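Worksheet: the structure to be examined is printed underneath.
Protein chains: 2
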Amino acid sequence: MIHIDLRSREPIYEQLVNNIKELIFSGILQSDEKLPSVRELASQLTINPNTIQKAYKELENLGYIYSARGRGNFVMPVDDKSGGENSVELLNKITELVKEANYVGISKKFIIKIIDDVYRKNIDKGGIE
Amino acid sequence: MIHIDLRSREPIYEQLVNNIKELIFSGILQSDEKLPSVRELASQLTINPNTIQKAYKELENLGYIYSARGRGNFVMPVDDKSGGENSVELLNKITELVKEANYVGISKKFIIKIIDDVYRKNIDKGGIE
DNA sequence: TTAACTGTACTATATAATGTAATACAGTTA
DNA sequence: TAACTGTATTACATTATATAGTACAGTTAA
Numbered sequence: 062m063i064h065i066d067l068r069s070r071e072p073i074y075e076q077l078v079n080n081i082k083e084l085i086f087s088g089i090l091q092s093d094e095k096l097p098s099v100r101e102l103a104s105q106l107t108i109n110p111n112t113i114q115k116a117y118k119e120l121e122n123l124g125y126i127y128s129a130r131g132r133g134n135f136v137m138p139v140d141d142k143s144g145g146e147n148s149v150e151l152l153n154k155i156t157e158l159v160k161e162a163n164y165v166g167i168s169k170k171f172i173i174k175i176i177d178d179v180y181r182k183n184i185d186k187g188g189i190e
Numbered sequence: 062m063i064h065i066d067l068r069s070r071e072p073i074y075e076q077l078v079n080n081i082k083e084l085i086f087s088g089i090l091q092s093d094e095k096l097p098s099v100r101e102l103a104s105q106l107t108i109n110p111n112t113i114q115k116a117y118k119e120l121e122n123l124g125y126i127y128s129a130r131g132r133g134n135f136v137m138p139v140d141d142k143s144g145g146e147n148s149v150e151l152l153n154k155i156t157e158l159v160k161e162a163n164y165v166g167i168s169k170k171f172i173i174k175i176i177d178d179v180y181r182k183n184i185d186k187g188g189i190e
């Protein structure tokens with residue numbers, strides 16, 4: 062489920078954060094579902110527990126999970142999400158990448174198709190309009 | 062034109078790379094236009110010339126600029142662009158961010174609007190379909 | 001209550017990344 | 001030739017990253 066590339070220039074804890082975010086966004090990890098414990102995941106991936114903890118701490122700061130001492134780390138329910146990565150920042154990132162796509166000659170139609178595919182899988186519940 | 066935040070956790074050379082990429086994508090820097098010299102930009106931004114050179118080297122590796130010893134660094138013409146950031150990688154990045162946007166409740170309509178705005182300013186020339 | 005599991009905190013250590021500083025060399029241009 | 005370009009090198013300091021070991025505190029189930 063989680064794959065780490067030790068030879069990557071991207072820090073391990075950052076790979077973990079992105080990996081778990083992806084699992085949450087795609088619905089593989091559901092609200093209030095328990096994540097592997099720090100020690101268990103460290104053992105599975107042959108990585109130091111401190112590194113796992115750093116990733117979990119980061120995910121907590123971003124508002125994607127919450128932790129309970131003695132019980133574990135759990136996926137933050139969507140409705141309770143707050144203080145997470147700012148939507149404005151997220152939209153800015155998307156805008157920058159779309160500008161680049163336009164610059165390198167990727168067609169608008171192609172980008173729209175990506176949006177369609179993503180929103181087809183997980184029905185749009187409305188929101189910022 | 063270029064703004065650097067010395068207190069940011071993002072490395073200076075990386076800020077420079079993103080800053081200059083943005084200038085290129087938005088058309089502020091045109092094909093074959095000369096960038097400020099390493100020493101000049103270093104002086105302007107009160108940053109070490111080595112850091113500027115590192116950013117320029119990175120931009121060259123990404124295929125966005127080319128350098129000529131004794132003359133300077135110049136914007137790589139779009140048609141000559143090759144070995145730049147892989148389009149597949151770029152599209153993957155966009156897909157990930159759109160998944161996140163969907164997850165946090167941003168509407169599809171809102172994302173489409175962003176695409177429209179970007180492609181309105183710089184007319185789509187066709188490309189990957 | 002105890003045993004085994006959870007998260008968390010701390011110190012120490014090693015390596016890599018980042019940034020600055022100074023110097024030198026090579027190519028271009030007026 | 002003088003003054004500008006890019007490039008390369010060495011040295012140093014600071015920070016980020018990752019590991020290792022230990023310890024403490026809360027939770028859960030036997």
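Protein chains in written order, with the working numbering: chain A, 62 to 190; chain B, 62 to 190. C-beta: ideal position from N, C-alpha, C; glycine also. As the structure is a computational prediction, the values presented were derived from the model and not from experiment.
Residue i and residue j: beta carbons closer than 8 Å?
i	j	result
I155/A	I173/B	no
L106/A	I63/A	yes
K182/A	I176/B	no
I167/A	S92/B	no
Beta strand (DSSP E) containing residue i: first to last residue?
i	result
I126/A	126–129
N134/B	133–136
Our contact map puts residue i next to residue j with C-beta atoms below 8 Å; I'd like the distance itself, whole angstroms only.
i	j	result
I113/A	V99/A	5 Å
I126/A	L96/A	7 Å
Y74/B	E119/B	7 Å
Which stretch, first to last residue, makes up the alpha helix (DSSP H) that contains residue i?
i	result
N111/A	110–122
D178/A	169–182
S148/B	148–164
E71/B	Where E71/B is concerned, there is no enclosing alpha helix (DSSP H), given that its DSSP letter is neither H nor E.
If you compare alpha carbons, which of the options is closest to residue i?
i	options	result
P87/A	A162/B, I73/B, N134/B	A quick correction: the sequence has Ser, not Pro, at residue 87/A. When each option's Cα is compared against that of S87/A, the closest is A162/B.
V179/B	K182/A, I85/A, L158/A	L158/A
Y117/A	A129/A, N134/A, E101/A, R130/A	N134/A
V139/B	I85/B, Q76/B, I65/B	I85/B
N79/A	R130/A, R132/A, N109/A, L123/A	L123/A
P72/B	V165/B, I108/B, R132/B	I108/B
A103/B	R70/B, V165/B, I65/B, G131/B	I65/B
V165/A	K82/B, K115/B, R70/B, R68/B	K82/B
N111/B	R68/B, L77/B, S69/B	L77/B
So who's on the other strand from residue i, going by DSSP bridges?
i	result
K95/A	F135/A
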